Structures are given as C-alpha cells and as structure tokens.
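In order, the protein sequences belong to chains A and B. Residues 711 to 1061, numbered by this note's numbering, are exactly what the first sequence covers, in order. Residues -6 to 261, numbered by this note's numbering, are exactly what the second sequence covers, in order. Here is the structure we will look at.
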Amino acid sequence: MAAQTGEDRAGKLGVEGLTRRFGEVLALDGVSLDIAPGELLTILGPSGSGKTTLLKVVAGFEKPDAGRVLVDGRDITAVPPAKRDIGMVFQNYALFPHLSVAGNVAFPLQMRNVASAEIERRVGETLALVELAGYEARLPRQLSGGQQQRVALARAIVFNPRLLLLDEPFGALDRKLRETMQLEVRRLQRRLGLTTIFITHDQEEALVLSDRIAVLNRGALQQVATTTEIYERPANDFVADFVGESNIFHGTLTAPATITLAGGRTLKVNSRGKAGEQRGVLMRPERFGPGGANAFAGKVVEAVYLGASFKLRLACEDGLELIVRQPARGRLPVPGQHIEIGIDPDAIHVF
Amino acid sequence: MSARGAWPATPALVLLLVFFLFPVVRMLGFSVEAGSFEWYAKALGEGLYLGVFWITFQIALLVTLICLLLGYPLGFLIATTTPGWATLGFIFVLLPLWTSVLVRTYAWMVLLGRNGVFNRWLIDAHLINDPLPLLHNFTGVLIGMVHVLLPYMVLPIYGAVRRLDPAVVAAAEGLGASNWRIFWRIYLPLTLNGIFAGSVLVFVLSLGFFITPALLGGGRVIMIAVLIEQEVRQTLNWPFAAALSAVLLAATLLVYTLAQRFTRSEAA
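This is the structure:
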C-alpha cells in the first residue's frame, strides 16, 4: 500500500440513470455521467437542483430509486459508504471535534488497520501537503475556517481514495480565502491525480476549478462540457442564463445565416441550422464593441462602474434591451446618453 | 451578572433563604446542640450506621449503573429515530415522570408481591414453583428506584446525542468506520457529557431517596433517608437525625463537586 500513489489508484466513475424521488419532488431525474480517472468534474446548479443528492448517492449515504453507480466498471450501488473508499469533504467540514488535527487525519488509516508507524508517516506527509505541519496537536475549534478546511481535505485524501468528493467546501470562507483555497485544491488534485467531483452553486468557482462542468437543474442534467464550451456554447436557456451574464433572445432562422428575433430585428449569425427552425440566441455582454456586423443603437438606462469595466443596460429603439460590458476607459456613460455598439456573427451563439 | 441585573431574582432568593437555607442552618444547629460532635461520632463511628451509609452508596451506584445501561440505548434510540417514534418514546419516558412516585411505588408492590402479577404469571407458565422474592428486599428497591429515576438518565443522554452533528457521523462512516467503531470512537466520546450529567443526577437523587426504599424495602432494606425518618418520627432523636442529614448533605455536595471538576476538565 505504501508504494501506491494517487495516480494508479484514481478511479473511473460512472453513474447510470440515477433517479431519486422525495415524495412529490424528483431530486434526480435519470442522471448519467462518466468521469475519467484524474478528472475534476464540477456539478453546478442552483440550490434544490439535486446536486447534493447526487453526491450523497455516489458516497453511499442515499440510495437511488433507480440507476447504478460504477467505479472502474464495478457496480457499488449496494455497497455501504464505509466500504466505498471515497474521500469526502463536507459543507461544514464535519471534523471530529474531540480529536486533534493528527487524530482527525489518522482516523481513516486507523479504520483500515494501518500500522501506527505508517500512520504517523502518512499523517505527517499529508499535513505537510496542505501546509499544516506543526498543527498536529491542535483541536479543530482552535483553528481558523481555512485551516479546518485543510484538515478536512487532508483527512479525505490521506488514505489514497479512489474518488474525492467536495460538497460546497468553500461556502463558509471569505472571498479572498476562497480564491486561495480554490487554487490550492486544484493544485493538489492535479498533483495527486485524484478523480474528483466538486459541487457548487457558484458558477465562477466552477469555471476556475473544473476540467468539465455538469450543469444540473431540477434533478436533470442540462449539459456536460468543458468550461469554455459551457460558457461559449451553452446547450439551452438555463445554462446560458445560469453561467455568466447573458443576453438571451429567441427567433426563427431565415436562410442564409440570419435569424429573425421575436421583436422583428434580424441578426447575422454563424449557424448551420435550416431555415424555419426555432432557435435561441446568446450574446455575452463583453462581446459587444464599437462596429461589428450587427449594429445596435440605444439609450443608456443604467450604468454601473465595476473597476475593470462599465456595465451598461441599453434600451434599443426597437424595444430590445441589452446588457453590455465595456472596458472602463474614459467617463462612465450617463443614463439617457445615446450609444452605438455592434457584435460580430462569430460572437453570437445560436442554440 | 451585575447587581442590578440580579434584582428580578429577589423573590426567589428570599424564598430560598427562608425555606431552604434557614432550615439547613437550623438543622446543622440541632446536630451540634450538645456542644460537641458526639452525634457525628455516632453516625460515622458505629458499624450499624456505617452499614446504612454503605448500603445506600451501593444501591445508588447500582441504580446509576443499571439506569445507564438501560438509558443509553433508549436515549440514543429516541434521538436518532423518526419524529413519530421519538414522540412515542418521549411519552413512555415522560409519562411516569408526571405520575406521583407514591402511585408508581404502590403499583410496583402490586406487581412484585408474593402473590403479585409477575409471580402469578411465572407460576402459571410453570417457569417457577415457588414465588420469587421480589418485594421487601434489595431487588425490589432496585427495580423501583431504577424505574423512577430512569428518565433523569435518558433525557441528558438524549440531549447529548441530539447535539451531535449528523455530518460528523456520516464523515466517520464515509472514512471507513464500522458501526461498532463509530459508536466507540464518535458517539461515546461525544456524548460523555450527557452520560456524566445523567449519572450524577441519578446517583445524587438515589442517595437521598426515601419513598421507594421505604415501601419496597419493607423495613428490611434501610437506606439513609429511611433511617433519618425513623430517628425523627420513631426514636425522636432529632440531633442524631440532623447529624445523619448533615453527613448525607456533605456526601452529596462532595459527589457534585467532583463531578463538576470532571466535566470542566472534560470541556477544556
């Protein structure tokens, strides 16, 4: 066991058709996913979307009504949590309050009857890894939130689990610390090559951390894709709206490469769809600029200074409302000011 | 608390002063009325009375142990089961608590007597030929006291289990702990305060228990409170009764102080 590194133990996770119902509520609606060894997949969704239920089913704390959980092809749906070999970091850390830092981290090794000299060595190594060397004797309540977080992480990885689950672990931390911890988790996860599922409702956090993102809403998967794919080419209204700021419209494709919006305006787009198809259109606020094949003119309704950029709400002459971000140069436009901007077909996503 | 903040407590303080502190001081006065500690010497020097203290201590300890063994699983179960079952459990634990001790003790006399319900059943079922001696002895006193004092053990343990974060238990399970190890490594150490509070409560209440040992002991099991009552009402030796009470009070305070020490070092 000593020679094993995370990499050759990292598991491949598959979930197939997971369904879980709580009374009237369908918490999971036939969710299927595959996660490659060493991959970090984020499950992103609003509260109540079923993401925590999904994690609990994978960890074994919740039984699905239908579907299977597979690790390296082996069906573990009926295996109790204690035998799954999965490391988990809980939302509020769930450290053992009566055990020292070393005691907490040693716990999973003791449960596996590892020899005490070996336990001591691995606890030391893992605490060094999360930069908590020297804190062995402290009790959890004598640590700051960020330090408790690190102990929880150390406890979850010390036994080389096949899978690491993180349930909104940074929710309780302030913004600065959260960003530091995000990068640190990412660094550790890469270094150990751990197959990881990360749960969050924070889309920015998802973009920072993930190899791929799975967007969940009302128990159903909306899209599973790389971070750029999710942001640039969302599959539907929900994903487009949930991830980042967006201008979303609906219209009918009118060949060639144009779409007529519900309000009557026609946009030039890059789309291979056939004429007559009903489609959605997404324009990200930061993709607008001076000029461009599609021109918009309108009055500023609201202007907000955000440091690096101006965020403007524009009312166009034909009634269209746009959110636009511009680099913060010169003076902040004032409400009522007339502005002309444009966007290229390449920057418009049709879905 | 500042002196000003203490004002609303004044009526209660006056009440305690008049009806508790004054009688206690008066009682202590009785015990040394002769101007010497002769009654204390008698209480602590004569084998007969030391024996009563020893029996009292033994019974209190046994009652506490039995209450702990019965009360931990019960409190644990009520704290972890579904709300419906928990309510039912609470009713079973609290209902006796709301019933008069006297009524319950007489009920036990009906159940445990030579021709009592239990012995009838056992004889009718041909499990025994002669009635078991369940009343007017050590066994009867134990059964009755455990029944009366069990809620005082169950409630603190229930509270301790409820205060435990379920995520901590889930974490232990997820990290590979069997149910047995979850109990020893997580539940037990994290509910130690409840166990302690319940044990001290039951032990201290047992030390001074009167009605149940008086009725179920039938004059054959003499606990300290029974002895004191005899001295007050039959022998009319009030100074001696006062000395015995003072010793009981001191013993109780000692147990209480030691327990406080222990829980404080536990929390630190």
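Quick reminder that beta carbons are idealized off the backbone N, C-alpha and C, glycines included. Values in this document were obtained by computation on a predicted structure and should not be read as measured data.
| Check | Outcome |
| --- | --- |
| Extent of the continuous beta strand (DSSP E) run through histidine 1048 of chain A | 1048 to 1053 |
| Own chain residues within Cβ distance below 8 Å of threonine 968 of chain A, not counting five before or after | Thr976, Leu977, Lys978, Val979 |
| Continuous alpha helix (DSSP H) stretch holding tyrosine 180 of chain B: start and end | Run containing tyrosine 180 of chain B: none; DSSP gives neither H nor E here. |
| Cβ of alanine 261 of chain B within 8 Å of any chain A Cβ | Legend: pLDDT at alanine 261 of chain B = 41, less than 50; position of this residue unreliable, value from coordinates given subsequently. Chain A contact via Cβ: absent. |
| Closer than 7 Å at the beta carbon, the chain A residues around glutamate 166 of chain B | Pro791, Ala792 |
| Straight-line Cα distance separating valine 103 of chain B from leucine 125 of chain B | 14 Å |
| CA nearest to the CA of arginine 155 of chain B, picked from B/Leu181, B/His140, B/Leu143, B/Leu6 | B/Leu181 |
| Unbroken stretches of the alpha helix (DSSP H), 4 residues or longer, contained in the region -5 to 58 of chain B | 3 to 9, 15 to 24, 31 to 38 |
| Span of the beta strand (DSSP E), counted from its first residue to its last, around valine 1044 of chain A | Neither: valine 1044 of chain A is in no beta strand (DSSP E) and is coded neither H nor E. |
| Beta bridge counterpart(s) of asparagine 957 of chain A as assigned by DSSP | A/Met993 |
| Endpoints, alpha helix (DSSP H) assigned at leucine 926 of chain A | It is not in any alpha helix (DSSP H) - leucine 926 of chain A instead sits in the beta strand (DSSP E) that spans 922 to 927. |
| Exposure of glutamine 858 of chain A, with buried meaning 16 or more beta-carbon neighbours within 10 Å | buried |
| Chain-ordered neighbours of methionine 798 of chain A on chain B, where CB pairs are closer than 9 Å | Ala163, Ala164, Gly167, Leu168 |
| Bridge-paired residues (DSSP) for tyrosine 803 of chain A | A/Phe800 |
| Residue environment, leucine 893 of chain A, which counts as buried when at least 16 other CB atoms sit within 10 Å | exposed |
| Beta-ladder partner(s) of arginine 897 of chain A, from DSSP | Arginine 897 of chain A is not bridged to any residue. |
| Beta-carbon proximity check, phenylalanine 1061 of chain A vs glycine 974 of chain A, cutoff 8 Å | no |
| Residue-level contact to chain A via CB, arginine 174 of chain B, 8 Å cutoff | yes |
| Rounded C-alpha distance that separates serine 800 of chain A from aspartate 877 of chain A | Before going further, note that residue 800 of chain A is phenylalanine rather than serine in the sequence given. The alpha-carbon atoms of phenylalanine 800 of chain A and aspartate 877 of chain A are separated by roughly 5 Å. |
| Alpha carbon of arginine 1041 of chain A to alpha carbon of aspartate 1028 of chain A, nearest angstrom | 27 Å |
| Min CB distance proline 818 of chain A to chain B below 8 Å | yes |
| Nonlocal neighbours in the same chain, by C-beta distance under 6 Å from valine 193 of chain B, ignoring five residues either side | Ala252 |
| Buried versus exposed, by CB contacts within 10 Å (16 or more), glutamine 227 of chain B | exposed |
| Exposure label - tyrosine 1015 of chain A; buried when at least 16 CB within 10 Å | exposed |
| Residue nearest to phenylalanine 85 of chain B in terms of C-alpha spacing, selected from B/Leu148, B/Gly201, B/Pro1, B/Thr49 | B/Leu148 |
| Cβ neighbours of glycine 740 of chain A in the same chain (closer than 6 Å, five flanking residues each side left out) | Gly727, Thr729 |
| CB contact check: alanine 1005 of chain A to chain B, cutoff 8 Å | no |
| Where aspartate 744 of chain A sits in the DSSP three-state scheme | strand |
| Within chain B, the residues that histidine 808 of chain A reaches when beta carbons sit closer than 7 Å | Pro182, Leu183 |
| Pairwise C-alpha distance: threonine 132 of chain B and leucine 58 of chain B | 14 Å |
| Contact set between alanine 769 of chain A and chain B, taken where Cβ atoms lie within less than 7 Å | Gly167 |
| Proximal residues of chain B, C-beta to C-beta of alanine 825 of chain A below 9 Å | Simply none; closest approach about 16 Å. |
| C-alpha gap between leucine 902 of chain A and alanine 864 of chain A, whole angstroms | 12 Å |
| Contact set for arginine 888 of chain A: own chain, Cβ-Cβ below 8 Å, skip 5 residues either direction | Phe880, Glu915 |
| Opening and closing residue of the beta strand (DSSP E) in which alanine 118 of chain B lies | Here alanine 118 of chain B belongs to no beta strand (DSSP E), and DSSP marks it neither H nor E. |
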